[in-house]
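**Q** Chains as they are written, first to last, in the working numbering: chain A, 1 to 331; chain B, 332 to 488.
Where a beta carbon is used, it is the ideal one built from N, C-alpha and C, also for glycine.
Structure in structure tokens, see below.
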């Protein structure tokens, strides 16, 4: 008999071997030999894989992979992932307070760049300033990425915008023409919020120690999954696509696009993304109010500049804004 | 003119912006002076702690006020500045209804978070590089700060 952790380990290895798209059958005796495990242990491992909600077809002498569960786990994220850096170390959880908190803790203890933390459910998902991000189980993608760019801390804020752009690009593949970014980093589908980003930085005066990019995406939420107060302002990919979306595939595509944007950011910040940022902006041309602390100013958004700042025209003067809460008054 | 009365006068002076107060009472005189140091010319990053020095002496034993004035208690040159690493908005607390990370005169540890500076929704938790006492808070909650601006002065221990 194997201990639980050894059994899970064996099940992981077995899954990696038989997890194919082709519907190929694998001989149990051969698996037993190649994994250096007894036939009984192989049977237990198959049992374990089934308990993870994988669809397997088992005969007396062979086993065949049929389907993957609708869950976000390390095996599924890693299967066919086309990135070199982001998502190469994966920590998956069922239910956590906040993936950002865990990622910060991992980053503090030296987790490598590109490490990601995911959860099926966040019980205390954080928005800015401790605002709660609503995250029911099994519907969304909740993810934090640890990045360690060799940049000055002054250059970190743009990474928030870089992430919003990667997210907008990912969702545009599903819903072309419907995605906008509300400066700086809310991602909207047809004007309603579908994803939020919380970026946290640890740095001393000269260099960045790490950046944790936290992303929450409403993927397979149905309208009734949102509490009443969010219904008018929140939406999901599913609601707009009118069908369920493969969360793993979406997550994998996001990681690929994020990696591409990040490579560019490290060499030229947002310079190459400037055009796209303008294209996705939901605010250019709008009359807005900008709230910062107790101050509130009104103006017209004329542009997004090459650093990602909001160009706000106030009484004929254009100012670059990097902070504050924007509300649209008139489009 | 008992001790309690004098204490009350000192408290009155301390609360106010006045520099000195002289009171005579049945032929006995008392003068209370306070000095507010270095507020004028010093730029923010070398601005020493505001020190109120109150000296009270009965007029019957007059001694020159200047002689009573002690030099500032803290050596301002050894104060360590916590500076903003970027342009952004200064937040003293993790949430609008939460207590501030640190308050005046609080003792803090190395790497203790003292505030957040936010820009483009990126939250930068600023840590103190030294252990010590917070002797001055130079930024106001939810107000913009510049790159390199001093946010706190810490008296290291």
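Is the segment 267-283 of chain A close to the segment 233-248 of chain A, with three or more CB pairs under 8 Å?
**A** The answer is no - the segment 233-248 of chain A does not touch the segment 267-283 of chain A, with fewer than three Cβ pairs under 8 Å.
**Q** If distances are taken between C-alpha atoms only, which option among 437/B, 340/B, 337/B comes closest to residue 483/B?
**A** For residue 483/B, the nearest C-alpha among the options comes from 437/B.
**Q** Using a Cβ-Cβ distance under 7 Å, would residue 203/A count as near chain B?
**A** Yes - at least one Cβ of chain B is within 7 Å of the one on residue 203/A.
**Q** Where in the segment 183-215 of chain A do unbroken runs of the beta strand (DSSP E), each at least 3 residues long, occur, reported from the N-terminal end onward?
**A** Entirely contained in the segment 183-215 of chain A, the beta strand (DSSP E) runs reaching 3 residues are, in chain order, 186-189, 192-203.
**Q** Quick one: using the 10 Å Cβ neighbour count with 16 as the cut-off for buried, is residue 389/B buried or exposed?
**A** Bear in mind that a pLDDT of 39 at residue 389/B, under 50, signals an unreliable position, so the model cannot answer this.
**Q** Determine the chain A residues that contact residue 463/B at a beta-carbon separation under 9 Å, and present them in chain order.
**A** The contacting residues do not exist; residue 463/B stays about 17 Å from chain A at best.
**Q** Which runs of the alpha helix (DSSP H) fall wholly inside the segment 21-71 of chain A and span at least 4 residues, in chain order?
**A** Entirely contained in the segment 21-71 of chain A, the alpha helix (DSSP H) runs reaching 4 residues are, in chain order, 28-34, 39-51.
**Q** Are three or more beta carbon pairs between the segment 74-92 of chain A and the segment 255-264 of chain A nearer than 8 Å?
**A** Short answer: they touch.
**Q** Anyone know if the C-beta pair for residue 124/A and residue 97/A falls short of 7 Å?
**A** In contact: residue 124/A and residue 97/A (Cβ atoms closer than 7 Å).
**Q** For residue 11/A and residue 106/A, what's the separation of their Cα atoms in angstroms?
**A** Spanning the two alpha carbons is a distance of roughly 26 Å.
**Q** Kindly say whether residue 261/A, judged by its beta-carbon, lies nearer than 7 Å to any beta-carbon of chain B.
**A** No - not a single Cβ of chain B is within 7 Å of the one on residue 261/A.
**Q** Check for me: the alpha helix (DSSP H) holding residue 142/A runs from which residue to which?
**A** No alpha helix (DSSP H) holds residue 142/A; the beta strand (DSSP E) holding it covers 140-147.
**Q** Based on the DSSP secondary-structure assignment, which residues constitute the bridge partners of residue 336/B?
**A** Per DSSP, none; premise fails for residue 336/B.
**Q** Within the 7 Å Cβ cut-off, does residue 470/B reach chain A?
**A** False, the Cβ-Cβ gap to chain A never drops below 7 Å.
**Q** Apart from the five residues just before and just after residue 238/A, which ones in its own chain have a Cβ nearer than 7 Å to its Cβ?
**A** Taken in chain order, the residues that qualify are 219, 220, 221, 222, 244, 245.
**Q** Using the rule of at least 16 other Cβ atoms within 10 Å of the residue's Cβ for burial, across every protein chain shown, is residue 343/B buried or exposed?
**A** Exposed is the call here.
**Q** Do residue 455/B and residue 423/B come within 7 Å of each other at the CB atom, strictly closer than that value?
**A** No, they are not a contact pair.
**Q** Thinking C-beta only, is residue 89/A closer than 7 Å to residue 109/A?
**A** Going by C-beta atoms, residue 109/A is not nearer than 7 Å to residue 89/A.
**Q** Could you give the distance in angstroms between the alpha-carbon of residue 166/A and the alpha-carbon of residue 261/A?
**A** For residue 166/A and residue 261/A, the distance between alpha carbons rounds to 7 Å.
**Q** Under 8 Å Cβ to Cβ from residue 439/B, same chain only, skipping five residues before and after it: list those, please.
**A** Cβ neighbours of residue 439/B beyond the five flanking positions: 433, 445, 459, 462, 463, 464, 465, 485.
**Q** Could you tell me the alpha carbon to alpha carbon distance between residue 475/B and residue 321/A, rounded to whole angstroms?
**A** So the alpha carbons of these two residues sit roughly 11 Å apart.
**Q** DSSP state of residue 174/A, grouped into three classes?
**A** Note: residue 174/A maps to helix in three-state DSSP.
**Q** Output needed for residue 138/A: all residues of its chain with C-beta closer than 8 Å, excluding positions within five of it in sequence on either side, in chain order.
**A** For residue 138/A, where only same-chain residues beyond five positions count, the Cβ hits under 8 Å are 70, 71, 120, 121, 220.
**Q** Rounded to whole angstroms, what's the CA-CA distance from residue 29/A to residue 78/A? Just pull it up for me.
**A** Each residue's alpha carbon lies about 26 Å from the other.
**Q** Which residues mark the beginning and the end of the alpha helix (DSSP H) in which residue 333/A is found?
**A** Limits of chain A in this structure are 1 at one end and 331 at the other, which puts residue 333/A out of reach.
**Q** If you draw a straight line from the alpha carbon of residue 337/B to that of residue 467/B, how long is it in whole angstroms?
**A** Distance between the alpha carbons of residue 337/B and residue 467/B: 29 Å.
**Q** Report the neighbours of residue 292/A on chain B: residues whose CB is nearer than 9 Å to its CB, in chain order.
**A** Neighbours of residue 292/A on chain B, chain order: 420, 473, 474, 475.
**Q** By the 8 Å beta-carbon criterion, what residues does the segment 184-197 of chain A contribute toward chain B?
**A** Listed by position along the chain: 184, 185, 197.
**Q** Whose C-alpha, out of 360/B, 364/B, 481/B, is nearest the C-alpha of residue 349/B?
**A** Minimum Cα distance to residue 349/B is reached at 364/B.
**Q** By Cβ distance below 6 Å, which residues in the same chain neighbour residue 144/A in space, the five residues on each side in sequence not counted?
**A** So the list reads 99, 100, 103, 117, 212, 214, once near-sequence residues are dropped.
**Q** Can you tell me where the alpha helix (DSSP H) with residue 99/A in it begins and where it stops?
**A** Here the alpha helix (DSSP H) through residue 99/A covers 99-108.
**Q** Tell whether a beta-carbon distance below 7 Å holds between residue 13/A and residue 31/A.
**A** Cβ distance not < 7 Å, so residue 13/A and residue 31/A don't count as in contact.
**Q** Quick one: what does DSSP say residue 153/A is sitting in, helix, strand or coil?
**A** Helix, per DSSP.
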